[in-house]
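So for the sequence shown, the UniProt record's numbering puts the first residue at 1; every next one is plus one. Even for Gly, the Cβ is constructed at its ideal location relative to N, Cα and C. Only a predicted model underlies this, so the values are computations on that prediction, with no experimental measurement involved.
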Amino acid sequence: MSLHNTPRPSWLTFDCYGTLIQWDEGLRDAVVAILASKHAAAIDPRAFLAVYDKHEHALEQTPPHRSFRDIAGEALRIALHEFKLDADAGDIRLLTDRISAMPPFPEVVGTLRALKEAGYRLCIVSNTDDDVIAGNVAQLGGYIDRVITAQQAGAYKPDRRLFDYAHQQLRVSRDDVVHICASPHLDHAAARDIGFRCVWIDRGTGRTLLPDYTPDATLSTLDQVPPLFAANGW
């Protein structure tokens, strides 16, 4: 499906971390703090994050469903072990507290306001727990109408069940929604499989497209969304 000559959506759904919230920057800062607390500042945070991400994503797709806090804690413990470091309960508290406090990108709140003023309803669909994301949503200016999490759906992206649950809760079909996201791996697979329209916010982080899916539009920042929609006659 393409945005051109398609109906104006009633809802816009958003990935949160990396799209609205400064995930990469915040996660790196959290890892730097954790490594510093263990006198391991010489470890490259990027190498550590690659190991952490690998385990986090694998655990999210491993039954039974577990909370994001549990999964993040286990992935962090495994990553620390692989770097020959001990883990303790304070590490996961630091990590999840830092995630909850991550701020939005500079253009996000103004863009959400503009989209609300244009008549769209706004929903976040995110791989997290309700209490973790609450701190991030509180920084978004009160413009978000709904927040749907993996905790509520009992499934993590790229599992399409999270999006199926979101669409059921919003009482919409795929044609009523445009999804806006930064993660090809987590969001584009569902867009491909379900067929909803999708805008990719490519912030230059090095993430690459899936080999068998191309989003309906690619933008570099969120504030390019309202002009895109206006050009489409919405």
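Counting only runs of 4+ residues fully inside the segment 103-175, write out the alpha helix (DSSP H) ranges in chain order. 108-117, 130-137, 150-153, 161-170
Counting C-beta neighbours from all protein chains within 10 Å, is the total for residue 189 16 or more, i.e. buried, or is it exposed? buried
For residue 42, which three-state DSSP category applies? coil
Can you say whether residue 107 is buried or exposed, counting buried as having 16 or more other CB atoms within 10 angstroms of its CB? exposed
Which listed residue (98, 110, 120, 50) has its alpha carbon closest to that of residue 133: Checking every option, the nearest Cα to that of residue 133 belongs to 98.
Just how far apart, CA to CA, sit residue 135 and residue 143? Answer to the nearest angstrom: the Cα atoms are 14 Å apart.
Between the alpha carbons of residue 1 and residue 119, how many angstroms are there, rounded? For residue 1, the predicted structure reports a pLDDT of 49, less than 50, and the residue's modelled location is therefore unreliable. A value from the coordinates is still provided. Approximately 23 Å between the Cα atoms of the pair.
Straight-line gap, residue 228 to residue 43 (C-alpha atoms, nearest Å): 42 Å
Could you say if the segment 171-189 and the segment 70-80 meet the contact criterion of at least three C-beta pairs nearer than 8 Å? no
I'd like the list of long-range same chain contacts for residue 111, defined as Cβ closer than 7 Å, with 5 residues on each side in sequence excluded. 222, 223, 225, 226
Can you tell me the Cα-Cα spacing of residue 15 and residue 184, whole angstroms? Cα to Cα, the separation comes out at about 11 Å.
Determine the direct distance from the alpha carbon of residue 39 to that of residue 203, and round the result to whole angstroms. Roughly 32 Å separates the two Cα atoms.
Do residue 127 and residue 101 count as a contact pair if the criterion is CB distance below 8 Å? no
Report buried or exposed for residue 22, applying the criterion of at least 16 other Cβ atoms within 10 angstroms of its Cβ. Only buried fits residue 22, as 16 or more other CB atoms lie within 10 angstroms of its CB.
Would residue 160 and residue 212 be called neighbours here (beta carbons separated by less than 8 Å)? no
Distance, Cα to Cα, residue 167 vs residue 25? Looking at the two C-alpha atoms, the distance is approximately 30 Å.
Return the CA-CA distance between residue 47 and residue 115, expressed in angstroms with no decimal places. 38 Å
Comparing C-alpha positions only, which one of 71, 200, 63, 210 sits nearest to residue 20? 200
Drop a sphere of 10 angstroms on the beta-carbon of residue 197, count the other beta-carbons inside from all chains shown, and report buried for 16 or more, exposed for fewer. Sixteen is the threshold: when 16 or more other Cβ atoms of the shown chains lie within 10 Å of the Cβ of residue 197, as they do, the residue is buried.
Beta bridge counterpart(s) of residue 180 as assigned by DSSP: 14, 199
Output the boundary residues of the alpha helix (DSSP H) element that contains residue 35. 23-37
With DSSP run on the structure shown, which of helix, strand or coil describes residue 219? strand
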